[in-house]
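S.K.: The structure that follows is given in the form of structure tokens.
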């Protein structure tokens, strides 16, 4: 397996992990979208992306999920802090896992340690 494919698979697995976290009931801040990047930023709302992923898993047409998988995840959209760097969140997740600590994505993205990104144009 080449490194690029491994990174894509790991990114996909983390994205699924993130989607599952979002499904947990919460009255506080939360991640509401994933943002990918090629030559522009593209925002994918979590609930719509999750529905499309389920269709994909069932073998049905899943155009939103298919489009999402074409590019690399660059940002997470938090409903409190705005756009958060995905690589920084992933690094914090890995750090926690290696140290045997739990990781709360929503707490990270809405907290003071989140690496915020100022983005002017995102296509929804």
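In my numbering, the protein residues as written are 558 to 681.
All C-beta atoms in this analysis are idealised placements derived from N, C-alpha and C, irrespective of residue type, glycine included.
Going by the DSSP bridge assignment, what does residue 658 pair with across the sheet?
M.R.: Residue 658 sits at position 101 when you count from the first residue of the chain shown. Answer is none; residue 658 lacks a bridge partner.
S.K.: With a threshold of 16 other CB atoms inside 10 Å of the CB of residue 658, please say whether the residue is buried or exposed.
M.R.: Indexing the chain shown from 1 puts residue 658 at position 101. Classification of residue 658: exposed, given that the 10 Å Cβ count is below 16.
S.K.: When the Cα of residue 596 is compared with those of 670, 629, 654 and 643, which residue comes out closest?
M.R.: Working through the chain shown from its first residue, we reach residue 596 at position 39. The shortest Cα separation from residue 596 among 670, 629, 654 and 643 belongs to 629.
S.K.: Relative to the alpha-carbon of residue 677, which residue among 607, 603 and 639 has its alpha-carbon at the smallest distance?
M.R.: In the chain shown, the residue the question calls residue 677 occupies position 120. Looking at the Cα atoms, 639 is the closest of the given residues.
S.K.: Consult DSSP for residue 680 and reduce its assignment to one of helix, strand or coil.
M.R.: On the chain shown, position 123 is the one that residue 680 refers to. Residue state, collapsed to three classes: strand.
S.K.: Can you have a look at residue 667 and say buried or exposed, based on whether 16 or more other CB atoms are within 10 angstroms of its CB?
M.R.: For this step, residue 667 is matched to residue 110 along the chain shown. Flag for residue 667 reads buried.
S.K.: Just to confirm the assignment, what range does the alpha helix (DSSP H) spanning residue 674 have?
M.R.: Within the chain shown, residue 674 is the residue found at index 117, counting from 1. Taken as a continuous stretch (DSSP letters only), residue 674 belongs to no alpha helix (DSSP H), as it is neither H nor E.
S.K.: Here's a check: name, in chain order, each residue in its chain whose Cβ is nearer than 8 Å to the Cβ of residue 688, leaving out the five neighbours to either side.
M.R.: Limits of the chain in this structure are 558 at one end and 681 at the other, which puts residue 688 out of reach.
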